[in-house]
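J.: Positions 30 to 87 (my numbering) are the ones given, in order, by the sequence shown. Glycine residues also receive a C-beta, built at the ideal position from the N, C-alpha and C atoms. No experiment lies behind these values; they were computed from the predicted model shown.
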Amino acid sequence: AEVGDQDLYRRATIGLAAVSGDAGHLTDVLDRCERLVAARPEVELLSVRRRFHGDHDD
Numbered sequence: 030a031e032v033g034d035q036d037l038y039r040r041a042t043i044g045l046a047a048v049s050g051d052a053g054h055l056t057d058v059l060d061r062c063e064r065l066v067a068a069r070p071e072v073e074l075l076s077v078r079r080r081f082h083g084d085h086d087d
């Protein structure tokens with residue numbers, strides 16, 4: 030799926046989705062993903078945004 034910034038030179042947006050009944054587990058998984066990307070020497074991580082959805086969200 031396209032998630033943004035296709036028209037910007039040398040810039041990419043990475044999207045990630047995860048499902049769990051435990052918010053702590055999701056936070057751990059997302060932290061690990063962020064560290065994995067940030068550890069790449071050819072990548073400059075500019076920003077990170079997280080959004081959690083629950084049972085009552087649209």
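1. Nearest to Glu63 by alpha carbon, out of Asp51, Ala46, Asp84?
2. Spatial neighbours of Phe81 within its chain, please: CB distance less than 8 Å, with the 5 preceding and 5 following residues excluded, ordered by chain position.
3. What whole-angstrom Cβ distance do Val58 and Gly44 have, given they're in contact under 8 Å?
4. Rounding to the nearest angstrom, what Cα-Cα distance links Ala67 and Asp86 in this structure?
T.: A quick look at the data gives this:
1. Ala46
2. Ala52, Leu55
3. Their Cβ separation, rounded to whole angstroms, is 14 Å, which puts Val58 and Gly44 out of contact at 8 Å.
4. 30 Å
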